[in-house]
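Everything below concerns the one structure shown next.
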Amino acid sequence: MDKFDVIIVGAGLAGLGAAYTLAGNGLEVLVLERGDNPGAKNMTGGRLYLNPVRNLFPGLFDNAPVERFITHEGISIMAKDRSVTLNYSENELTDEPHQSYSILRSKFDRWLSERVEDKGVAILPKIRVDDVIKDSGQIIGVIAGADELRADVVLACDGVLSLVSEKAGLRSPAAPGSFALGIKEVIALNSGVINERFNLEGDEGAARLFVGEVTRGKFGGGFLYTNKESVSLGIVVGIEDAAEDRLPIEVPALLDAFKERPEIAPLIRGGSTVEYSAHIIPEGGFKAIGNLCGNGILVAGDAAGLAMNIGFTVRGMEFALASGHFAAQAIMKAKEAGNFDAPTLSIYRRLLEDSFVLKDLRNFQETPAVIGNPRVFNHYPELIGAIMRDVYSVPAGPKDRLYPTIKKHLTLPELWALFIDMKGVMKI
Ligand SMILES: Cc1cc2nc3c(=O)[nH]c(=O)nc-3n(C[C@H](O)[C@H](O)[C@H](O)COP(=O)(O)OP(=O)(O)OC[C@H]3O[C@@H](n4cnc5c(N)ncnc54)[C@H](O)[C@@H]3O)c2cc1C
340 MDKFDVIIVG AGLAGLGAAY TLAGNGLEVL VLERGDNPGA KNMTGGRLYL NPVRNLFPGL
400 FDNAPVERFI THEGISIMAK DRSVTLNYSE NELTDEPHQS YSILRSKFDR WLSERVEDKG
460 VAILPKIRVD DVIKDSGQII GVIAGADELR ADVVLACDGV LSLVSEKAGL RSPAAPGSFA
520 LGIKEVIALN SGVINERFNL EGDEGAARLF VGEVTRGKFG GGFLYTNKES VSLGIVVGIE
580 DAAEDRLPIE VPALLDAFKE RPEIAPLIRG GSTVEYSAHI IPEGGFKAIG NLCGNGILVA
640 GDAAGLAMNI GFTVRGMEFA LASGHFAAQA IMKAKEAGNF DAPTLSIYRR LLEDSFVLKD
700 LRNFQETPAV IGNPRVFNHY PELIGAIMRD VYSVPAGPKD RLYPTIKKHL TLPELWALFI
760 DMKGVMKI
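Under the working numbering, think of the first position of the sequence shown as 340, with each following residue one higher.
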């Protein structure tokens, strides 16, 4: 074809969400994906929260290849020699429709791409977009190798380091402080073994997060999600800490050490690693969101920085799906108006503002600063661990009363620092 209505760069959840919404509306849509197939290059922790996006894609997820619905939550504060774990489960989490599911992107993205193709959209794998074509300030297409492909609108869904939005002048090269590095192993285990070890029944699943010693007191943490016949186990560390050698050991060695922790080793014993992956994650939240549109171009998903980590929940996938959907709606409106300049396409921002996407990101905009506090990762895990050690210990001699046992850790300077940190927490 000489020209498409829309070229979508990237067949991740943002790109596929957009393509699904655009399909069947009389537009010529082309999706370009650099991987061998959709999902081949994509990674997540991963848990997908479906509640925010079910209504945007009616019926779509009813037969999605999800792994387990999450019913058991846990967060562990890890000190060097001990850890304190908060487990949470509730009956409502077993009720349908389930709030969240563990997923594996290689399966999930492939399935979604097939649904998109069923609706008549062409997805071309193994095509890497290298640049955009500009004409008098308007993006009019993309360059992929020797090919020039033209479109009324280019939708950049090319993930966290979005080359396309950078080439279009919508964002500057990535600032390391707003990104983290995640590495993950998928460890195969029999489903019965998983159920027994995690106290689950049937397709119930567990999600666990870890903070503190797992990243040697630096920003980041560990995660574990149960799949049907495997567990996804990984760690996340700040890019700056990793790049500037502020970690005492290399990141892969951190993951190995995490696997050997007594909290983890028995859970994965006998399992074999069937997948190993690494990926960057946007961590800047609302304040790091780039320009969402320009003349002839929109940006969705990680490419726009639409991801949110608030410590207890890590969310990016439903933001990608939803932003893809709203970008598609904006494109359809622009098509009706016959105009693809930035003011016309900027309805996209309004659609995001009216949805959970920018409402949630705005509500939690102070979170990166609060959870970026180094004391969260180095001081508090040791402090909480030490308090619990003393509370539980029964010495040879007489045991102190509970109040002085705890009070001796909470000195005046400690309480003052805690007060300051709590003032930050109150902003989220
Ligand atoms: C370790 C880790 C744990 C996470 N845990 C969770 C979690 O538990 N829950 C959650 O909701 N989110 C989680 N996230 C975030 C979530 O995975 C992302 O927010 C989500 O994948 C973003 O989707 P996307 O479609 O925007 O980008 P991606 O999924 O990255 O897709 C981008 C696509 O674009 C393609 N592409 C890139 N450049 C080009 C190019 N030049 N030409 C052609 N194609 C290109 C890529 O191959 C890819 O297919 C996690 C992320 C990581 C790394």
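Note that beta-carbon positions come from the ideal geometry of N, C-alpha and C, so glycine has one too.
Short of 6 Å in beta carbon distance, which residues of its chain neighbour Phe679, apart from the five on each side in sequence? Order them along the chain.
Taking the sequence shown and counting its residues from 1, one reaches residue 679 at position 340. So the qualifying residues of the chain are Asp491, Val492, Gly635 and Ala673.
Please tell me whether Val423 and Met727 are closer than 7 Å, where the distance is taken between their beta carbons.
Against the sequence shown, residue 423 aligns to sequence position 84. Against the sequence shown, residue 727 aligns to sequence position 388. Going by C-beta atoms, Val423 is nearer than 7 Å to Met727.
According to the Cβ coordinates, are Asp497 and Gly349 closer than 7 Å?
Taking the sequence shown and counting its residues from 1, the one referred to as residue 497 is at position 158. Taking the sequence shown and counting its residues from 1, the one referred to as residue 349 is at position 10. Yes, Cβ-Cβ distance for Asp497 and Gly349 is below 7 Å.
Kindly examine ligand 1 and report whether one of its heavy atoms sits closer than 6 Å to the Cβ of Asn381.
The residue labelled residue 381 in the question sits at position 42 within the sequence shown. Within the cutoff, so yes.
Distance between beta carbons of Ser441 and Phe564, contact taken as under 8 Å:
As a working mapping, residue 564 is identified with position 225 in the sequence shown. As a working mapping, residue 441 is identified with position 102 in the sequence shown. It should be noted that the sequence gives Tyr, not Phe, for residue 564. Right, their Cβ atoms sit about 4 Å apart.
Thr433 - containing alpha helix (DSSP H), residue span:
The residue you call residue 433 lines up with position 94 of the sequence shown. Here Thr433 belongs to no alpha helix (DSSP H), and DSSP marks it neither H nor E.
Write down the C-beta distance between Ile522 and Pro591 rounded to the nearest angstrom, noting that I regard them as a contact closer than 8 Å.
Taking the first residue of the sequence shown as position 1, residue 522 is located at position 183. Taking the first residue of the sequence shown as position 1, residue 591 is located at position 252. Going by Cβ atoms, the distance from Ile522 to Pro591 rounds to 7 Å, so yes, they are a contact pair.
Residue ranges of each beta strand (DSSP E) within the segment 363-445, 3 or longer:
368-371, 386-388, 408-417, 422-428 and 439-441
Taking all protein chains shown into account, decide if Asp344 is buried (16 or more other Cβ within 10 angstroms of its Cβ) or exposed.
Locating residue 344 in the sequence shown gives position 5, where the first residue counts as 1. The residue in question, Asp344, is buried, as its Cβ has 16 or more Cβ neighbours within 10 Å.
If you scan the segment 565-614 from start to end, which runs of the alpha helix (DSSP H) of 4 or more residues do you find wholly inside it?
578-582, 590-599 and 604-607
Backbone secondary structure at Asp641 - three-state DSSP:
By one-based count along the sequence shown, residue 641 stands at place 302. Residue state, collapsed to three classes: helix.
Starting from the Cα of Phe363, find the closest Cα among Pro377, Ile479, Glu456 and Ser571 and give me that residue.
Locating residue 363 in the sequence shown gives position 24, counting from the first residue. The sequence given here has Gly at residue 363, not Phe. For the residues Pro377, Ile479, Glu456 and Ser571, the minimum Cα distance to Gly363 belongs to Glu456.
Opposite Leu488 in the DSSP bridges: which residues?
Sequence index remark: in the sequence shown, residue 488 carries index 149 (1-based). Partner(s): Val481.
Restricting to Cα atoms, I'd like to know which of Gly551, Leu751 and Gly508 is closest to Ile710.
Position 371 of the sequence shown, counting from 1, holds the residue named residue 710. The shortest C-alpha separation from Ile710 is found at Gly551.
Taking the DSSP output, what are the residues bridged to Val525?
Within the sequence shown, the letter at position 186 stands for residue 525. Per DSSP, Ser571 and Glu614.
With C-beta atoms as the reference, is Thr706 less than 7 Å away from Ile759?
Reading the sequence shown from its first residue, position 367 is the one you call residue 706. Reading the sequence shown from its first residue, position 420 is the one you call residue 759. The answer is no: Cβ separation not under 7 Å.
Any heavy atom of ligand 1 closer than 6 Å to the CB of Arg467?
Position 128 of the sequence shown, counted from the start, is the residue given in the question as residue 467. Result yes, Cβ under 6 Å from ligand 1.
Could you check if Asp641 belongs to the surroundings of ligand 1, using beta carbon to heavy atom distance under 6 Å?
By one-based count along the sequence shown, residue 641 stands at place 302. Answer for Asp641: yes, Cβ within range of ligand 1.
Answer yes if the segment 569-585 comes into contact with the segment 506-521, meaning at least three C-beta pairs across the two stretches below 8 Å, and no otherwise.
yes
Which residues in the same chain as Leu425 place their Cβ atom closer than 6 Å to its Cβ, once the five residues preceding and following it in sequence are excluded?
Residue numbering aside, residue 425 sits at position 86 when the sequence shown is read from its first letter. Same-chain partners within the cutoff: Ile414.
Figure out for me which residue from Gly724, Val532, Thr750 and Ala582 has the closest Cα to the Cα of Arg608.
The sequence position of residue 608 within the sequence shown is 269, counting from 1. Checked all of Gly724, Val532, Thr750 and Ala582; the closest Cα to Arg608 is Val532.
Distance cut-off 6 Å: Val638 Cβ against heavy atoms of ligand 1:
For this step, residue 638 is matched to residue 299 along the sequence shown. Val638 Cβ: outside cutoff for every heavy atom of ligand 1.
In this structure, does DSSP put Asn717 in helix, strand or coil?
Counting from 1 along the sequence shown, the entry for residue 717 is found at position 378. Asn717 falls in the coil class under three-state DSSP.
For Glu535, the first and last residue of its enclosing alpha helix (DSSP H)
Here the question's residue 535 lines up with position 196 in the sequence shown. Segment Ser530 to Phe537, the alpha helix (DSSP H) holding Glu535.
Nearest neighbour of Glu367, chosen from Pro512, Gly476, Arg489 and Arg467 [CA to CA]
Numbered from its first residue, the sequence shown carries residue 367 at position 28. Nearest of Pro512, Gly476, Arg489 and Arg467 to Glu367, Cα basis: Arg489.
For ligand 1, is there a heavy atom less than 6 Å away from the beta-carbon of Glu505?
On the sequence shown, position 166 is the one that residue 505 refers to. Not so, every heavy atom of ligand 1 lies at least 6 Å from the Cβ.
For Ile670, the first and last residue of its enclosing alpha helix (DSSP H):
In the sequence shown, the residue the question calls residue 670 occupies position 331. Start and end: Met656 to Ala676.
Should Val460 and Ala358 be called a contact, given that it needs their Cβ atoms to be closer than 7 Å?
Translated into positions along the sequence shown, residue 460 becomes position 121. Translated into positions along the sequence shown, residue 358 becomes position 19. Contact flag set, yes.
Once you ignore the five residues that flank Asp699 on each side, which residues in its own chain have a CB closer than 7 Å to its CB?
Start at 1 with the first residue of the sequence shown, and residue 699 comes out as number 360. Within the same chain, Asp699 has close Cβ partners Met647.
Looking only at its own chain, which residues have a Cβ that is under 7 Å from the Cβ of Ala666, when we skip the five neighbours before and after it?
Along the sequence shown, one-based indexing puts residue 666 at 327. Once the five neighbours on either side are set aside, the close Cβ partners of Ala666 are Ala357, Leu494, Leu637, Ala639 and Tyr687.
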